[in-house]
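The numbering of the sequence shown is our numbering, which starts it at 179 and goes up by one. Just so you know, even glycine gets a beta-carbon here, dropped at the ideal spot from N, CA and C. Since we're looking at a predicted model, the values are computed, not measured. Working notes for the structure below.
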Amino acid sequence: MADPDFVAAGQRRAATVAPELSTGDESLPADLCVRIHRIMVRSRKMEERMIKMAKSGEGYFWIGGPGEEAFNTCLGLQVKKGRGPEFDYLHLHYRNEATLVAMGMPLIDGIRQMAMRRTDPHSMGRNFPGHFCVPEWNVLPVSSVIENQFVVAPGTAMMQKRVPGGDGITIVVGGDAGTAEGDFASCLIWSSRPVNPLPVLMIVMNNGWGISTCYSSQHAEKHIADRARPFGIPAEVVDGNDPVASWHSIRRAMSHCRTKRTPYLIEAIVSRLHGHSSSSGAARVNEPDCIEMFETRLLRAGILDAEEIAKVHEEAAAEVEEAVEQAMSEPLPLPEDVERFTYYPSPVDVVYPGDYTGLPQA
Ligand SMILES: Cc1ncc(C[n+]2csc(CCOP(=O)(O)OP(=O)(O)O)c2C)c(N)n1
Ligand SMILES: [Mg+2]
């Protein structure tokens, strides 16, 4: 029989828990807030441990997304996940860890890439962390060369537009500084041509920095989102540190692209909590922290109490420690792996005939 004290405490709490969390007119139900919070914390713990790995010699270079978890989690949870043109394509950047975690990536796979293990499913231990590739979820390889994902994205959207009755969309994500590249303009142009507008959701994660160059020194326009207007592309600026606002902005944008089969642009204002990468030390900086701010709101609303929040952190830290221990015991890539699986096998590749070694599972 259930402990009567426990039941009574549960009932008392149920009576005081807010059913939802609101920002202005928008809200999220309590259970979704709890789910989002857990993903944000798991992603953050994974990356904090990865930064330690970079400093301790368990890994080397680190780059990633602490400070982007609120928006990126809301993005990952709303993706139409699968393989092929009926599903969403993701052309991501190197700070999308929380998106992958929200989509269901086990934390150990992020750690495996950081530890450069042969078991890393994204790159076989041969690429930087955050450089994901998941064919079964339409996650295209993340490139270190910034912004070229914006010139590739219209290609998958063009193909999706040909699917009769399809509602799969193409999602492309990059940073604020990268929008200076011509590739960003190419995406605006190719997504909005009146002859064939495309279902492209363009997302700019504006953290105010391009390595050490600050936003205000480079942008004459007030908002990057304003650059969508001359192309007739609807656009909005959202507080990417607020999961409630982010969720609804993404929901609106996705619904537009899915149903109207035309583009949309979101500029999300986010923090960069550990500098650009391990190359600049990756020390924690004093910018707004989306997890801390969310927890303050969850506590105030009675959705989680301090003990429950602490438990989420403890469980995530334990999950990450176990993942590091396991990953470090796994094999490194072999010299003969260096040039393997570089090109997708194609019998019609006239440029590199025979210059590929097949798919990893082949
Ligand atoms: C084509 C190209 N030019 C320059 C670089 C060097 N680079 C790497 S990251 C970066 C800054 C990117 O800033 P932003 O687009 O705002 O993204 P953030 O890193 O702030 O998320 C630059 C210039 C590069 N990788 N690729
Ligand atoms: Mg930036």
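Distances from the CB of residue 405 to the heavy atoms of ligand 2 are all 8 Å or more. Residue state for residue 476 is assigned as helix, using DSSP reduced to three classes.
C-alpha of residue 365 to C-alpha of residue 372: approximately 14 Å in a straight line.
CA-to-CA, the gap between residue 295 and residue 379 works out to about 33 Å. In the DSSP assignment, the residues bridged to residue 387 are 392. For residue 437, the secondary structure class from DSSP, reduced to helix, strand or coil, is helix.
Here DSSP, grouped into helix, strand and coil, assigns residue 359 to coil.
Runs of the alpha helix (DSSP H) lying entirely within the stretch 288–368, each at least 4 residues long, are 326–339 in chain order.
In the structure shown, residue 428 adopts helical secondary structure according to DSSP, grouped into three states. Contact between residue 247 and residue 222 holds, with the beta-carbon distance rounding to 6 Å and staying under 8 Å.
In terms of Cα proximity to residue 337, the closest of 206, 439 and 306 is 439.
Sorted by position in the chain, 353, 354, 355, 385, 387 and 388 make up the residues whose C-beta lies under 6 Å from a heavy atom of ligand 2.
Comparing C-alpha distances from residue 312 to each of 324, 323 and 284 shows the shortest one belongs to 284. With distances taken between CA atoms, residue 519 lies nearest to 305 out of 305, 260, 350 and 236.
In this structure, residue 273 has its CB closer than 8 Å to one or more heavy atoms of ligand 1.
Excluding residues up to 5 positions away in sequence, 451 and 452 lie with their Cβ nearer than 8 Å to the Cβ of residue 462 in the same chain. In the same chain as residue 324, and ignoring 5 residues on each side of it, the C-beta atoms closer than 8 Å to its own belong to 271, 352, 353, 355, 356 and 359, in chain order. Taken atom to atom, the span from the alpha-carbon of residue 468 to that of residue 419 is near 5 Å. In chain order, 290 and 508 place their CB closer than 6 Å to the CB of residue 297, counting only its own chain and leaving out the 5 sequence neighbours on each side.
The Cβ atoms of residue 266 and residue 316 sit closer than 9 Å to each other. Here DSSP, grouped into helix, strand and coil, assigns residue 520 to coil. Judged by the Cβ position, residue 357 qualifies as a neighbour of ligand 1 at the 8 Å threshold, a heavy atom of the ligand being closer than this. Relative to residue 234, the option among 506, 514, 512 and 510 whose CA is nearest is 506. Looking at the DSSP output, residue 269 shares a beta bridge with 350. Distances between the C-beta of residue 395 and the heavy atoms of ligand 1 are all 8 Å or more. By the beta-carbon neighbour count (other beta carbons within 10 angstroms, threshold 16), residue 442 is buried.
Beta-bridge pairing by DSSP links residue 257 to no other residue. The DSSP-derived three-state label of residue 380 is strand. For residue 446, the closest alpha carbon among the candidates 455, 348, 426 and 437 is that of 426. In chain order, 256, 347 and 379 place their CB closer than 7 Å to the CB of residue 432, counting only its own chain and leaving out the 5 sequence neighbours on each side.
A direct Cα-to-Cα measurement between residue 231 and residue 374 gives close to 47 Å.
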